[in-house]
Structure formats: C-alpha cells, structure tokens
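K.L.:
The structure is given below, and queries will be raised subsequently.
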Amino acid sequence: MYSDAQVAGWKKVTDAVHQAGGKIFAQLWHVGRVSHHVLQPNGGTPVSSSAIQAEGVKVFVDVEGRGPENGVGEMMQHDMPRALRTDEIPAIVNDYAQAARNAIAAGFDGIELHGANGYLINQFIDSQANLRDDEYGGSLHNRLRFMREVVAAVSAAIGKERRGHSPGAADHPDGLS
66 MYSDAQVAGW KKVTDAVHQA GGKIFAQLWH VGRVSHHVLQ PNGGTPVSSS
116 AIQAEGVKVF VDVEGRGPEN GVGEMMQHDM PRALRTDEIP AIVNDYAQAA
166 RNAIAAGFDG IELHGANGYL INQFIDSQAN LRDDEYGGSL HNRLRFMREV
216 VAAVSAAIGK ERRGHSPGAA DHPDGLS
C-alpha cells in the first residue's frame with residue numbers, strides 16, 4: 066500500500082467494515098522474485114535474496130495494456146531476479162514500514178506481514194532461495210535477519226500490538242535446514 070489513492074480507496078472499505086462492527090487487518094507482502102519486468106517500476110528486474118528463479122511459477126501479465134480487469138493478459142514465466150545488494154535492503158525494510166503506516170491511515174486495525182508461500186520474507190529465510198554469503202545468508206540466524214528487521218521497523222512504525230506475522234516454515238520444510 067504505497068499511494069494516497071490506495072489509502073483513500075481502502076478507507077471506504079475499512080469504514081464500511083467498522084460501521085458494521087467488524088475489525089480488519091491488511092496483509093502486507095512483497096513478491097520478490099516471482100514477478101515480471103513489466104510489473105516493476107520503470108521495467109526493472111525483480112529482486113530477491115539471491116538470483117535464483119522459482120521453478121514452475123507463472124505470473125499474470127497484461128500484454129495488451131488494457132488491464133487485467135478486462136481479462137486481457139496471459140500467464141507468463143517470471144523473469145530471472147537479481148539479488149538485492151546489501152545497501153538496498155534498508156529501503157525495502159522502510160517500504161514495509163511505510164506500507165504499514167499507510168494501512169493504519171487507511172483505517173485498518175492492524176497489519177499482518179506475509180512471510181510465507183515464497184514471498185520476499187520467505188525467500189530470505191529459505192536456504193534453497195537464499196544463497197547469500199553476507200549477514201543475510203548462510204546460517205538460519207542470518208537468513209532470519211531480513212524478517213527481524215521488517216518486524217522491528219513495522220512495530221516501530223505502528224506499534225507491535227497492531228502487527229501480526231505469518232511465518233512460512235512449513236512451506237519449504239527441506240529449505241529450512
């Protein structure tokens with residue numbers, strides 16, 4: 066959730082939920098390596114913990130410029146990602162914190178960090194997707210560093226009582242060695 070238009074749009078939804086007596090949380094995630102350059106800002110290369118392409122995964126790409134809401138597009142193989150440089154990681158962590166602030170501004174009661182199913186947080190944790198040899202790779206302690214940084218930044222931004230997290234350890238049991 067990164068634009069004022071998204072905040073305004075979601076505010077209508079959260080207001081309706083609250084008027085009906087409900088609570089609502091936003092799930093925040095970053096697809097990381099499972100993307101296509103046409104879906105990236107300025108046509109950039111998707112990013113991940115390491116430059117390893119996920120197998121057997123396709124993404125929906127609007128190939129004719131008319132928008133997926135019209136059902137125009139196709140499932141395509143995602144691009145080979147590039148490994149995030151260590152100096153780029155703090156900006157991604159900050160993006161999560163800003164998205165959390167935006168979610169609260171939009172009226173969400175809290176957020177859940179999606180750390181499962183092969184999304185970016187999970188890509189750092191999974192030893193099969195993370196072949197880094199720096200402070201974000203190698204040992205499980207190091208592979209959990211990105212998640213810990215995101216959790217800390219989001220907690221500082223909106224309060225830990227408004228933050229949940231869905232870990233992905235069961236998603237890749239062979240990848241968490």
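Each step along the sequence shown adds one to the number in our numbering, with nothing skipped, and position 46 is 111. For every residue, glycine included, the Cβ atom is placed at its ideal position computed from N, Cα and C. None of these values were measured; they are calculated from a predicted model.
1. What runs of the beta strand (DSSP E), each 3 residues or longer, lie entirely inside the segment 97–183?
2. According to DSSP, is Q188 helix, strand or coil?
3. In angstroms, rounded to a whole number, what distance separates the CA positions of A171 and A218?
4. Helix, strand or coil: which one does DSSP assign to A91?
5. Quick one: give me the first and last residue of the beta strand (DSSP E) that S231 is part of.
6. Within its chain, find whatever has a CB closer than 7 Å to the CB of W94; leave out the 5 residues flanking it on each side and keep chain order.
7. On the three-state DSSP scale, how would you describe R210?
8. Rounded to whole angstroms, what's the CA-CA distance from S100 to V215? Just pull it up for me.
9. Can you list, in chain order, the residues of its chain with a C-beta nearer than 6 Å to that of W75? Leave out the 5 residues immediately preceding and following it.
P.N.:
On the basis of the data shown:
1. 123–126, 139–142 and 175–180, all fully within the segment 97–183.
2. The sequence position of residue 188 within the sequence shown is 123, counting from 1. Note: Q188 maps to helix in three-state DSSP.
3. Start at 1 with the first residue of the sequence shown, and residue 171 comes out as number 106. Start at 1 with the first residue of the sequence shown, and residue 218 comes out as number 153. Between the C-alpha atoms of A171 and A218 there is a straight-line separation of about 19 Å.
4. Within the sequence shown, residue 91 is the residue found at index 26, counting from 1. Strand at A91.
5. Start at 1 with the first residue of the sequence shown, and residue 231 comes out as number 166. Annotation for S231: the continuous beta strand (DSSP E) segment containing it runs R228 to P232.
6. Residue numbering aside, residue 94 sits at position 29 when the sequence shown is read from its first letter. Same-chain partners within the cutoff: H179 and Y184.
7. The residue labelled residue 210 in the question sits at position 145 within the sequence shown. Of the three classes helix, strand and coil, the one that applies to R210 here is helix, per DSSP.
8. One-based indexing of the sequence shown puts residue 100 at position 35. One-based indexing of the sequence shown puts residue 215 at position 150. Each residue's alpha carbon lies about 21 Å from the other.
9. Residue numbering aside, residue 75 sits at position 10 when the sequence shown is read from its first letter. Here the set comprises A171.
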